[in-house]
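Residue 72 in numbering that gives the first Met the number 0 sits at position 73 of the sequence shown, and the numbers go up by one each step.
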Amino acid sequence: MSGKRTLVFIPTYDESENVGAMCEQILALGLDADLCFCDDASPDGTGRLIDELAARHPRVLAMHRSGKLGIGSAHLDGIAWAYEHGYERLITLDCDFTHSPADIPRMIAAGESSGAALVVASRWHAGDSLPGWSPIRKGLTTLGHVLTKSMLGVTNDATGAFRIYDLRKIPRRLFDLVTEKGYAFFFQSMFILTENRFPIVEIPIVLPARTYGHSKMSMLEVKRSVEQLAKLFVARQTNPAQFRLGKEVPGLDPALIDPQDWDAYWEKKDKAGALVYDAVAAAYRNIFIKSNLNRVIHQEFGRGARLLHAGCGSGQVDTDLHDYVDVTAVDISPQALSRYTRENPRVHEVRHADILRLPFDDGAFDGVYNLGVVEHFGGDSLGSLFHELARVTRPGGKVVTFWPHKYATSAFVLDSIHYVLNDVMKKDVQLHPPEPSRIGSRADAQRTFADAGLDLVRYDFGARDLFVQAIAVGKRRDDPPRA
């Protein structure tokens, strides 16, 4: 066997009949590996048994959790523990002997010969690979394989736990993209590994029915897994970049205070109501806002201009700009910046900063642009924002603002959706942060810009984006903006 530091990780719940024999069979393989059992407070005494095994065998470890927290969360805890303790290879399997320890050496050999980041034990390469399974369970498993293949584009066995991860090849932060805590963990993690093009190899196995005990897969878990599969399918169609591993964001400042809690906004995407809203919003952005932004940037700036995207969000509309201008993207939310780098791998620079206090010299950029940002600032903070945007713009440069209108069609639609979700369905959902400063007229833009040392040179509001946002362009005066 290879000299890699190896951990075998096995979650347990009510496995008192299996855990001793499983330990013996794995130790008998002679692997240069540690063996960790992770128990979720089993009522049948499994936790006590793994403590006894750990006391007898120096390479056996016992991990205890407070309760039945979900099979996916157990695997995520095991993965995190392996990274934290410097393991290079992680082997995961079930404790019920549907996964045979005798297959582990074959899987290790397949990983080493192929150089794969992940080795998967597959049920779909052998003829009778599911002996002893009931027709219902066999049918559900086959259906799961068909659905993950057709809906997520995952050709590997995506719902099994028998895997070997090469932790040297998979960055730890990839697992930050995996959010499922139940059985959906398996196909979500496989989908994300596939989306990020990590090499995966399969070996055929036979998967018998459980030797002892009973299956932990309830119909409630089946229902939840189907729901999560549907959500992943929709998200893959509307915003696949959210599942990709972007650049690491340098210089995250833990002292930055985000009064509007934008991180929570970006983290809420798994809610059902938000999923529908995001699908519609993504389609609108791609059809209308993206083309409008490209048109305005080409009209207002020359090739190679140095631009600041202030309050960049996920940056779905920026993807076509990087061949034409150099974009520096700034946001107060680390979640947003992470999404931005996934959408825009060619961005010039990303910075974690407050757009009211930008970390750039006066006149550092040829221009600044923002979309759907300024309406979230009310009172004096709105004026302070435009002063700061003008400060970092060179004299003669421009500030381009896509500013939602008071009478926008989107305002009516969003208010209607909120009414249905919250007043009719009693969901208590907030799909979008408050917008206290929607623009009402050209005069509003002219007055706000003038106070910041900008001359309004363009104001558009019309059918190009279905009467949603006004486009206001201000030219920086030669004299510095008044504080």
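We put the beta carbon where it would ideally sit given N, CA and C, even for glycine.
| Check | Outcome |
| --- | --- |
| According to DSSP, is Phe36 part of a helix, a strand, or is it coil? | strand |
| At the level of alpha carbons, what is the spacing between Ala352 and Pro249? | 11 Å |
| Kindly examine the ligand ADP and report whether one of its heavy atoms sits closer than 8 Å to the Cβ of Ala363. | For the structure depicted, the ligand ADP is absent and the ligand set is empty, with no information on it obtainable. |
| Of the residues Glu201, Asp13, Asp175, Ile354, which one's Cα is nearest the Cα of Ile191? | Asp175 |
| What separation, rounded to the nearest whole angstrom, lies between the Cα atoms of Asp477 and Gly303? | 22 Å |
| Tell me, please, whether the segment 305-318 touches the segment 338-347 by the rule of three or more beta-carbon pairs shorter than 8 Å. | yes |
| Is Asn421 helix, strand or coil by DSSP? | helix |
| Where DSSP assigns a beta bridge to Ser121, which residues make up the other side? | Pro203 |
| Mark Gly110 as exposed unless 16 or more other C-beta atoms lie within 10 angstroms of its C-beta, in which case mark it buried. | buried |
| Report the rounded CA-to-CA distance for Val7 versus Ala328, giving the unit in angstroms. | 42 Å |
| Please report the residue range of the beta strand (DSSP E) in which Glu348 lies. | 348-351 |
| Give the single residue among Glu434, Asp454, Pro432 whose Cα lies nearest to the Cα of Ala442. | Asp454 |
| How is Phe364 classed by DSSP in three states: helix, strand or coil? | strand |
| Of all the beta strand (DSSP E) runs that stay within the bounds of the segment 359-418, which reach a length of 3 or more residues? | 364-370, 392-403 |
| On the DSSP bridge list, what partners appear for Arg475? | Leu453 |
| Since Ile199 and Leu117 should fall inside the 8 Å C-beta cutoff, what is the C-beta to C-beta distance between them, to a whole number of angstroms? | 5 Å |
| How many angstroms separate the CA atom of Asp269 from the CA atom of Ala234? | With a pLDDT of 43 at Asp269, under the threshold of 50, the modelled position of that residue is not reliable, and the figure given next carries that caveat. C-alpha separation (whole angstroms): 9 Å. |
| With a Cβ-Cβ cutoff of 9 Å, do Ser15 and Asp50 count as a contact? | no |
| With 16 as the cutoff for other CB atoms within 10 Å, does Glu179 come out buried or exposed? | buried |
| Taking DSSP as the reference, what is the three-state secondary structure of His308? | strand |
| Can you say whether Arg446 is buried or exposed, counting buried as having 16 or more other CB atoms within 10 angstroms of its CB? | exposed |
| Going by CA-CA distance only, name the one from Leu30, Arg122, Ser41 that's closest to Leu89. | Leu30 |
| What is the rounded straight-line gap between the Cα of Tyr12 and the Cα of Gln227? | 23 Å |
| Does the segment 347-364 come close enough to the segment 455-472 that 3 or more CB-CB pairs lie under 8 Å? | no |
| When DSSP builds the beta bridges, which residues end up paired with Val326? | Leu306 |
| In terms of alpha-carbon separation, which member of Asp379, Asn155, Pro394 lies closest to Gly366? | Pro394 |
| Can you tell me whether DSSP reads Leu162 as helix, strand or coil? | A small correction: the amino acid at residue 162 is Arg; Leu does not occupy that position in the sequence shown. Of the three classes helix, strand and coil, the one that applies to Arg162 here is strand, per DSSP. |
| Tell me, to the nearest whole angstrom, how far the beta carbon of Ser65 is from that of Ala32; I am working on the premise that it is less than 8 Å. | About 27 Å separates the two Cβ atoms, so there is no contact after all. |
| Cutting at 7 Å between CB atoms, please list the residues of its own chain near Met0, excluding the five before and the five after it. | In this prediction, Met0 has a pLDDT of 42, which is less than 50 and means its spatial position is unreliable; nothing more can be read from the coordinates. |
| Bridge partners for Leu6 per DSSP, in chain order? | Asp33, Leu89 |
| In chain order, what residues of the same chain have a beta carbon less than 8 Å from the beta carbon of Ser436, not counting five sequence neighbours either side? | Val373, Glu374, His375, Phe376, Gly377, Leu381 |
| Whose C-beta lies closer than 6 Å to the C-beta of Lys168 among residues of the same chain, with five residues either side of it excluded? | Ala116 |
| When the Cα of Lys426 is compared with those of Pro432, Glu87, Tyr418, which residue comes out closest? | Tyr418 |
| At the level of alpha carbons, what is the spacing between Glu23 and Leu206? | 20 Å |
| Would Asp319 pass as a contact of His308 if the rule is Cβ separation under 9 Å? | no |
| So what's Thr45 in DSSP terms, helix, strand or just coil? | helix |
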